[in-house]
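K.L.:
Quick one: the structure is below, questions incoming.
2 protein chains.
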Amino acid sequence: MLTIGSLANKTGTKVQTIRYYEQIGLMPEPGRTEGGQRRYGDDELDRLAFIRHARQLGFSLEAIRELLDLSDHPHRPCLEADAIARRQLKQVEQRLARLEALRTELKRMVHECSGGQTADCRVLEVLRDHSECLTDHDEIGA
Amino acid sequence: MLTIGSLANKTGTKVQTIRYYEQIGLMPEPGRTEGGQRRYGDDELDRLAFIRHARQLGFSLEAIRELLDLSDHPHRPCLEADAIARRQLKQVEQRLARLEALRTELKRMVHECSGGQTADCRVLEVLRDHSECLTDHDEIGA
DNA sequence: GGTTGAACCTCTAGTAGCTTGAGGGTGTAC
DNA sequence: GTACACCCTCAAGCTACTAGAGGTTCAACC
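If you read the protein sequences in the order shown, they are chains A and B. In this text, residue positions in the first sequence follow this note's numbering: the first is 1, and each later residue adds one. In this text, residue positions in the second sequence follow this note's numbering: the first is 143, and each later residue adds one.
Laid out in structure tokens, this is it:
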């Protein structure tokens with residue numbers, strides 16, 4: 001039986017985060033001691049490890065909810081899980097493309113900085129003059 | 143003189159976002175008509191364009207605040223602006239490295255999916271078994 | 001001059017995915 | 001039996017916006 005703290009340690013999660021996952025129904029309500037402290041078993045450890053791993057891969061909590069649900073029904077076809085992963089892969093590739101464009105522009109800014117006064121600063125100039133910019137207008141979130 | 147709506151159009155910003163920037167002090171309080179509607183001039187247009195461009199490059203609002211401040215003092219040395227940009231570049235490169243690792247793992251998951259039952263699903267299996275995972279434990283935000 | 005309708009106003013609350021803090025109770029080792 | 005690390009709940013805060021309610025103003029047209 002694990003306390004919430006040791007579960008947190010084993011999974012690289014913060015204690016508050018575990019309680020948060022319970023609150024939103026991603027983790028089940030665990031057993032409690034007489035005094036009301038949570039105690040966890042191996043099932044919960046596995047489930048939390050699954051969640052954290054998926055989070056590290058960038059899956060949203062909603063996607064993880066679906067994946068856990070699929071994982072709980074081993075006889076359903078796995079097309080759905082596959083679709084979720086493909087969606088995630090696509091998103092990752094889009095973000096990569098955007099970040100690569102940003103890196104290019106940032107590198108250009110930094111390399112052209114003369115080290116003089118801000119009046120001549122290439123960094124500020126580039127930011128001021130949007131016309132030199134390659135990136136498009138729509139999305140911002142990285 | 144521009145209304146908030148046309149300023150929004152010209153810069154690819156939402157009206158609410160402009161008001162938000164004003165609220166947090168990133169945009170100045172503009173002049174108003176007798177009826178109380180905001181009216182903007184070219185200075186504000188430039189400032190907002192600067193902000194949006196910097197946001198597209200992934201700078202945080204706090205970083206942008208510093209950059210605007212530097213931009214307002216053309217005779218200060220530009221080392222600071224350069225440092226902010228370098229910091230940003232570093233962050234972008236870190237995120238790129240992480241995303242590339244994610245892409246690799248996601249691709250592996252997706253390509254190995256057999257299309258059978260969830261019980262045999264490679265996607266879920268990989269998520270369950272953290273030991274196959276290459277990514278490290280610390281940061282999660284993409 | 002009157003009327004219409006798009007665009008404007010303020011204020012509040014919601015989004016994701018947590019994190020932080022206040023104020024207090026529990027469990028265990030010595 | 002007492003110290004103290006750990007646990008509890010509840011509420012609020014974070015970033016960077018976005019959405020909606022309920023009401024007002026502007027500009028064009030007749």
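All residues carry an ideal CB built from backbone N, CA and C; glycine is no exception.
Counting C-beta neighbours from all protein chains within 10 Å, is the total for residue 230 of chain B 16 or more, i.e. buried, or is it exposed?
P.N.:
For the purposes of this step, residue 230 of chain B is taken as residue 88 along the second sequence, with counting starting at 1. With 16 or more other Cβ atoms within 10 Å, it is buried.
K.L.:
Would you say residue 213 of chain B faces chain A, with C-beta separation under 8 angstroms as the test?
P.N.:
For the purposes of this step, residue 213 of chain B is taken as residue 71 along the second sequence, with counting starting at 1. True, the Cβ-Cβ gap to chain A drops below 8 angstroms.
K.L.:
For residue 48 of chain A and residue 106 of chain A, what's the separation of their Cα atoms in angstroms?
P.N.:
Indexing the first sequence from 1 puts residue 48 of chain A at position 48. Indexing the first sequence from 1 puts residue 106 of chain A at position 106. Approximately 38 angstroms, taken between the alpha carbons.
K.L.:
I'd like to know if the region 109 to 123 of chain A and the region 224 to 241 of chain B are in contact, where contact means that at least 3 CB-CB pairs between them fall below 8 angstroms.
P.N.:
Short answer: they touch.
K.L.:
If residue 31 of chain A and residue 19 of chain A are in contact, beta carbons under 8 angstroms, what's the gap, nearest whole angstrom?
P.N.:
In the first sequence, counting from the first residue as 1, residue 31 of chain A sits at position 31. In the first sequence, counting from the first residue as 1, residue 19 of chain A sits at position 19. Not a contact, Cβ separation roughly 15 angstroms.
K.L.:
Near residue 53 of chain A, what residues of its chain come up, given a Cβ to Cβ distance below 7 angstroms and the 5 sequence neighbours on each side ignored?
P.N.:
Residue numbering aside, residue 53 of chain A sits at position 53 when the first sequence is read from its first letter. If we look at residue 53 of chain A and ignore the five residues flanking it on each side, it has no Cβ neighbours.
K.L.:
Among all the DSSP beta bridges, which residues are the ones paired with residue 219 of chain B?
P.N.:
Counting from 1 along the second sequence, the entry for residue 219 of chain B is found at position 77. A/117, per the DSSP bridge assignment.
K.L.:
What does DSSP give as the partner residue(s) for residue 181 of chain B in the beta ladder?
P.N.:
Position 39 of the second sequence, counting from 1, holds the residue named residue 181 of chain B. Looking at the DSSP assignment, residue 181 of chain B forms a beta bridge with B/173.
K.L.:
Can you name the residues of chain B whose CB is closer than 8 angstroms to the CB of residue 86 of chain A?
P.N.:
Translated into the one-based positions of the first sequence, residue 86 of chain A becomes position 86. Within 8 angstroms Cβ-Cβ: 252.
K.L.:
Within 10 angstroms of its Cβ, does residue 202 of chain B collect 16 or more other Cβ (buried), or is it exposed?
P.N.:
Counting from 1 along the second sequence, the entry for residue 202 of chain B is found at position 60. Exposed: under 16 other Cβ atoms inside 10 Å.
K.L.:
Residues of chain B with CB closer than 8 angstroms to the CB of residue 174 of chain A, please, in chain order.
P.N.:
Residue numbering for chain A in the displayed model covers 1 to 142; residue 174 of chain A lies beyond these limits and cannot be assessed.
K.L.:
Counting only beta-carbon atoms, is residue 208 of chain B nearer than 8 angstroms to chain A?
P.N.:
The sequence position of residue 208 of chain B within the second sequence is 66, counting from 1. Residue 208 of chain B does not count as touching chain A.
K.L.:
In terms of DSSP beta bridges, what is residue 2 of chain A paired with?
P.N.:
What you label residue 2 of chain A is simply residue 2 of the first sequence in a count that begins at 1. In the DSSP output, where bridge partners are listed per residue, residue 2 of chain A has A/40.
K.L.:
For residue 147 of chain B, which residues of its own chain have a beta-carbon under 8 angstroms away from its beta-carbon, when the five flanking residues on both sides are left out?
P.N.:
Residue 147 of chain B sits at position 5 when you count from the first residue of the second sequence. Taken in chain order, the residues that qualify are 157.
K.L.:
Who are the near neighbours of residue 76 of chain A in its chain, counting only those whose CB is closer than 8 angstroms to its CB and skipping five residues on each side?
P.N.:
Numbered from 1 along the first sequence, position 76 holds the residue referred to as residue 76 of chain A. Only 70 meet the Cβ criterion.
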